[in-house]
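Q: Quick note: to get this note's numbering, add 14 to the position in the sequence shown (first position is 1).
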Amino acid sequence: MKKKKIYTAIVSAICLIAVAVAIFLLNGRNKSFDYSEKSTVSMGTIVTQKVYGDYAGKDIEKINAIINALDKSISWREADSEVSALNRDGKLSNANLAAMLDTCKQVSRDSGGVFDVTVGGVSRLWSIGEEDERLPGDSEIQAELKNVGYEGISISGNDITLAPGVSLDLGAVGKGAACDMAYNYLKASDAKGAVISVGGSILAYGKHNKAGDKWRIAVRHPRKENEYIGVISLSEGFVSTSGDYEGYFEKDGRRYHHIIDATTGYPSDSGLISVTVVCQNGLLSDALSTACFILGEEKSRALLEKYDAAAVFIDSELTISTVGEIEFEKSR
C-alpha cells in the first residue's frame, strides 16, 4: 500500500512537471541556449533540472549529488540523518542545519507560531501519505502539542539543542533549501541559466536565451490534476507552492491534508487550497507558502511584506488573488 501511494504520487508529479516545463518555453520566440535536462527522484519527490550552458550535464550531476546529500541529512525518515540524531539525542553541531533552523524560528515568530518545524510528533500522528495514515484522537493531538514550540530549539553558533520531547520535521522547508543549495552551486559555475524543480519548489536562475526572456512558471490547478491555473513570469527567483492536494485522505466526506497548523495540531482550515510564494530565497519561499496557507490571505499580507515576498492565493471557490509585486496570468 505504501509503495503504491508513493508510486502514484511520483507518476502524478512527473505529469505535472511535464506541464510546468512546457510553460517555461511558452511563447518563446528566441532560440534557447544549448541545454541538458534530467529527472530523478529525491526528497520523496521528482527533481527535474534543465541547465543551460556548455557543461550543463556535469552541472546536473553535481546538483543531484548536493540534493541527495541534503535529503540524507535532514530527513527524519533516515535513521542515520543529522535530524534523526538531533531528534534522538537532543543536541548536535552542524552549521547548515543550525542556519536552516535559525531561519525557521524567525518565520515561526513572525507567523504567530502557525508554522513550526517542531511539529514532528503531531505530523507523525497523522502520517498523511504513509501506509498508516489515520485520523488521530483529540487527546493524542493535545498530548503531542505540549512538545510543539519553536522556543524549544536553542542555537549557539553551530550547536543545536532541543528541549525534551521536541521532534523536528523539516518537510515544509527541505525542498526550498535544496533550491538554495542548487543556486549556490550555479553561482560558482559557468552555467548561463537553469530551472530546477524539487517537488513544489522551483529555482529560476540566470537566462535561457540571449534575449533574456523571463522564465514562465506554471501554477498547478488545485482541483484538476496535471493542469495549470495560471503562469508566473519572473526574471529570476524562487517559487514554492503549498496545496491541500499534495497529500491528503478523506474520511466521512472531509479532506484531511498534510499542512498542519502547529497551534492546533490539525490540518489548516483557512479556506485556502493553494498558495504560491515568490521571493529571493528558497527556504523562505517554502516556509512562507506553508505559513500563508495556514494564516489566510489577509493575515499573510504583513508577513509577505516583511520578507519582500509576493503570493498567489486560491481559495476553495477557486477565486484567485495576488499580494505583492507579482506577474501572474490566469489560464483561459
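By construction, the Cβ of each residue, glycine as well, lies at the ideal position given by its N, Cα and C atoms.
#1: Could you spell out where the beta strand (DSSP E) holding SER282 opens and where it closes?
#2: Which class does PHE263 belong to by DSSP, given the choice of helix, strand or coil?
#3: Assign ARG102 to one of two classes, buried (16 or more other C-beta atoms within 10 Å of its C-beta) or exposed (fewer than that).
#4: Enumerated in chain order, which unbroken segments of the beta strand (DSSP E) with a length of 3 residues or greater are wholly contained in the stretch 32–109?
#5: When the distance is taken between beta carbons, is SER330 closer than 8 Å to GLY285?
#6: At 3 residues or longer, and completely inside the stretch 141–225: list those beta strand (DSSP E) runs for me, N to C.
#7: Between ILE6 and VAL133, which are expected to be in contact by the criterion C-beta below 8 Å, what is the C-beta distance as a whole number of angstroms?
#8: Among all the DSSP beta bridges, which residues are the ones paired with LYS344?
#9: Return the first residue and the last residue of the alpha helix (DSSP H) that SER254 is part of.
#10: With 16 other CB atoms within 10 Å as the buried threshold, where does HIS222 fall?
#11: Any idea what DSSP makes of ILE273, helix, strand or coil?
#12: Among the residues of its own chain, which have a CB less than 8 Å from the CB of LYS344, if the five just before and after it don't count?
#13: In three-state DSSP terms, what is VAL128?
#14: Measure the alpha-carbon distance for ALA276 versus LEU159 and round it to whole angstroms.
#15: State yes or no: is the C-beta of ALA316 within less than 8 Å of the C-beta of LEU302?
#16: Using alpha carbons as the reference points, say which of LEU297, ASP300, GLU260 lies closest to THR59.
#17: Output needed for ALA192: all residues of its chain with C-beta closer than 6 Å, excluding positions within five of it in sequence on either side, in chain order.
#18: Between LYS45 and the rest of its own chain, which residues show a CB-CB distance below 7 Å, the 5 nearest in sequence each way excluded?
#19: Could you tell me which of GLN120, PHE47, ILE231, GLU96 sits nearest to THR255, measuring between CA atoms?
#20: Using the Cβ count rule (16 or more neighbours within 10 Å means buried), how would you classify PRO236?
#21: What did DSSP end up calling THR304 once you bin it into helix, strand or coil?
#22: Straight-line CA distance for TYR1 to ASP204?
#23: What separation, rounded to the nearest whole angstrom, lies between the Cα atoms of ALA305 and LEU217?
#24: So what does DSSP say about ARG230, is it helix, strand or coil?
#25: May I ask you to report which of helix, strand or coil DSSP gives ASP116?
#26: Just mark SER56 as buried or exposed, buried being the case when its beta carbon has 16 or more other beta carbons within 10 Å.
A: Working from what's here:
#1: Counting along the chain, SER282 falls outside any beta strand (DSSP E), and DSSP gives it neither H nor E.
#2: strand
#3: exposed
#4: 49–56, 59–66, 105–107
#5: yes
#6: 167–170, 173–176, 207–212, 215–220
#7: As shown, the chain starts at 15 and ends at 346. That puts residue 6 outside it, with no answer to give.
#8: GLY244
#9: Element bounds for SER254: not the alpha helix (DSSP H) but the beta strand (DSSP E), 251–257.
#10: buried
#11: coil
#12: ILE243, GLY244, ILE334
#13: coil
#14: 8 Å
#15: no
#16: GLU260
#17: ILE81, LEU84, VAL212
#18: ASN223
#19: ILE231
#20: buried
#21: helix
#22: Lying outside 15 to 346, the shown extent of the chain, residue 1 is not represented and no answer is given.
#23: 20 Å
#24: strand
#25: helix
#26: buried
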